[in-house]
Structure formats: C-alpha cells, structure tokens
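Per the working numbering, residue 261 is the first one in the sequence shown, and the count goes up by one each step. Below: the structure, in structure tokens.
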Amino acid sequence: MSDLKPAAPSLAVVIGAGPAGLMAAEALAQAGLAVEVYDAMPSVGRKFLLAGVGGMNITHSEPYPAFVSRYAERQNNIDALLRDFDAEALRQWIHGLGIETFVGTSGRVFPTDMKAAPLLRAWLKRLRDSGVVIHTRHRWLGWNAEGALRMAYPQGERLLTPAVVVLALGGGSWARLGSDGSWQALLAEQGVDISPLQPSNCGFEVAGWSALLKEKFAGAPLKNIALSVPGSAPRKGEFILTAQGVEGSLVYAWSAPVREAINRTGQGQLLLDLLPDKPVDKIAQALARPRGSRSMAKHLHSQLGIDGVKAALLRELTDQATFAAADALARAIKALPITLVRTRPLDEAISSAGGVRFEALDEGLMLQSMPGVFCAGEMLDWEAPTGGYLLTACFASGLRAGRAAADWLMRVS
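Now the structure itself:
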C-alpha cells in the first residue's frame, strides 16, 4: 500500500529539471511565485551535463532567418518562442550567470571553458537564492481521481495540489538520464494529442554490410566527404561506418528526411560524394588514364587518393560493370547511394522527434484540454539538428511556459 502523504501546498510546480524545466522555474520565481521543481533522477540536468562532455555547444551564431529555418515544419511554432528569447538573448542570459561565451569557427557558441557544469552550478545557486526548491528522486505518476499530482519518492508516494504546473519531461532518448518518454501514456489518458516519439539526430542501419566490410572497417570515419538526400544540395563533413550502417554528425544532419522516407516507403537513401571538391569530369579523366597492369583499386589510390574505408565502401556499393568503367565509376564516386532500412533505437538517438502537438496547446504552451497545465522542452512536437538549436528551443519554450503559467495564474486567482 502506498504511503500517501499530502505535501504542503505549492503554488507552482515544475516537473523535470532539465534546461526547459529550470528556465520555467526561473520565470515563475521572477513573477514572485513560490516554486518547487521535481525530478526523477538523483541529481538535476543530467542530459545537459552529458551533452557538454565534448564541449558545451549552447547555441549558434548564424543569422536569424537561417537559424529558425533549422526547425523545418515547426519553424513557425519555434519562431514564436524565439522572438522572446533567441540565440543572442540566451548568450546574454549566460553572461548574467558570470559565464563568458565565444563563437567557434563553425559559428557554434560555447562557454569559454567549454564545460556545462560551471554554468549549471551558477544557475542552480541563483534559482535557490530566489527561493526555488528542488526535489530529486521524485517520479511523476500522473493525476489521481481528484486531480492531484501523484509523485513517487523513496519513502512512498505523495500528492501535490499546485495552482499551476509546468511539465518539462524531455523526449525519449537517453532514458538512463531521465528522458524515458513514460509521460506519453499519462497524457494520453487525459486525451492529449501526442505525435509518437521517434529517433532524431540518429544513426541508421543498412540491410547488411558484407562480412569483409564489417570486419575491416566498422568504426572507421569517412572524412572530407559530402552527403545529400535525393533532390537536396550536399553538405560537407564526416560520418562513421558502423557494423550495422552509418552514424555521425553528417548522418544526423539528414536524419529527419531519411527517417520519414523510411516511414513512407520502407527505405531511405543517402548519396555519398567521396570527392566533393573535384567535379565528375575531372574524376572521369583521371580514371581514364592508362593504368597498365595495376588493379582499379590501385588506380583509384594513385589517381584520386581513394583508399581504405572509402575504397572499400565504393567497392561494396557498386557492381562489377560500374567499377570497371571510368565514366560510370566517376558518377558513382560523386553520388554513391547508401540505402538505409531503419533507424537505430530511440534510446541511442541524440534527441527525439514527436511529442505533444502544438495544436493541443495555446500560445502560452498550456494544454487546451487541461487549464493550468503547461508543457515545455523536448516533450513538444519539434526537432532540430545538433549545433545548439536543440538547447536554444528548450530554453525558449521553458521561458514561455513559465511566464505564461504565471500570467494565467494571476488571471484566474
């Protein structure tokens, strides 16, 4: 039998202590409200901290029209949030915590020390100084019959009856850090319109590599290449060949259209340009030069510098006739089709697509079917590439939800 202990009344509750939840808490506290934050994990901001292990990419410095276009079909919804808190506003907010930032050569924005932990520590201190109370090891179980929030914690279960609540429970990737997507069933029970969670910024699987390719080249990076999807301009970068397929930054950049193609037809395609800086006619000319007794593999190496994993993948994905003909091989080198049949599992993805549809929310991110309940962060139905876009929208949505929750509470009180 659960140990049901009514908690002391709390005016505003935030569930989820990632960037969106903490930003909502800050906005609520700034409005003069008593705020309590609950998180299921033993400590807060775990995904935020792990994302910063290789360098905390907080946002991006590119011009606003290009920036907001990264949110694709949800561009208009995210634009409405970023108008209040865009990339520059986020940088200024970080500076207000005593953390300086700089713009890298790629346009990405980082804290000067490249670390997430000092930023989070400074932020948590400011939140606690403003009166925000944070409870860890508290898992949300939904609502009881009377509409109270059910929270499981080590000693049993407690009930919360806040005047307003902000849900910032994350998506469905990296479940070990708290974003397990379990909230979907709880909101679905309340009739909330939810788009199923899917992997985003993820790796993909092929029908099967040859044993030779897997044994010799699984884990090998392909550098100085370009990738595209049919009908789109290629992007330069790098990716990694895996035993199952492909992954890495350049693959992640195309994950949304490839995933949707797989959803529609059962397969998606990436076009690999092995020599993005060399036009196809120059490649054909190089391949047409006499090679004497040398094999085509050695000819590729001597004339074009294609060897190792690049040569192996070229051979894997071309038939004998193409590999033996200079013009056909040149075209393959510029647009080598990699057919993908499924995403890697959601829990491996950097982020997730899907979530609470914006159509179920008002402009303040309040659920239209549940007055006083607001949603923010990655649990909303949007996606974006890596590069600081994910975090920026999480911060902006948390700020919007927190401010709107405070305004709504003032109107109904």
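Backbone N, C-alpha and C fix where the C-beta goes; we use that ideal spot for every residue, glycine too. The structure presented is a predicted model; accordingly, all values stated were derived computationally and were not measured.
- Between Asp622 and Cys635, the alpha-carbon positions lie close to 10 Å from each other.
- Rounded to whole angstroms, the Cβ separation of Met630 and Trp443 is 13 Å, and the two are not in contact under 8 Å.
- Assigned with DSSP and collapsed to three states, Arg436 falls in helix.
- Nearest Cα to Arg604 within the set Trp469, Met301, Ser515, Ala340: Ser515.
- Look at the region 353-429 and you find these whole runs of beta strand (DSSP E), each 3 residues long or longer: 361-363, 368-371, 393-395, 399-403, 409-413, 416-420, 424-427.
- Leu501 and Val425 have their alpha carbons spaced roughly 44 Å apart.
- A contact between stretches requires three or more CB pairs, one per stretch, nearer than 8 Å, and the region 482-490 fails this requirement with the region 433-443.
- In this chain, the beta strand (DSSP E) harbouring Gly497 covers 495-501.
- With a cutoff of 8 Å on beta-carbon distance, Ala666 and Leu282 are scored as not near each other.
- DSSP places Met630 in the coil class of the three-state scheme, outside both helix and strand.
- Using a Cβ distance threshold of 8 Å, Phe308 and Gly276 do not count as a contacting pair.
- Bounds of the alpha helix (DSSP H) holding Ile522 are 515-525.
- Of all alpha-carbon atoms in His561, Gln458, His559, Arg549, the one lying nearest the alpha-carbon of Asn523 is that of Gln458.
- Counting along the chain, the unbroken beta strand (DSSP E) around Ile275 starts and ends at 272-275.
- The beta-carbon separation of Leu600 and Val466, rounded to 6 Å, stays under the 8 Å limit for a contact.
- Within the region 466-498, the runs of beta strand (DSSP E) at least 3 residues long that lie entirely inside it are, in chain order, 481-488.
- With a 10 Å radius around the Cβ and a threshold of 16 neighbouring Cβ atoms, Lys542 comes out exposed.
- Here DSSP, grouped into helix, strand and coil, assigns Phe583 to helix.
- Nearest C-alpha to Pro378 among Glu360, Gly367, Arg368, Arg388: Glu360.
- For Gly662, the enclosing alpha helix (DSSP H) starts and ends at 649-672.
- Its chain contains Leu534, Leu535, Leu560, Leu574, Ile593 as the residues whose beta carbon lies nearer than 8 Å to that of Ile566, once the 5 sequence neighbours on both sides are disregarded; these appear in chain order.
- Excluding residues up to 5 positions away in sequence, Lys474, Ala478 lie with their Cβ nearer than 6 Å to the Cβ of Ala503 in the same chain.
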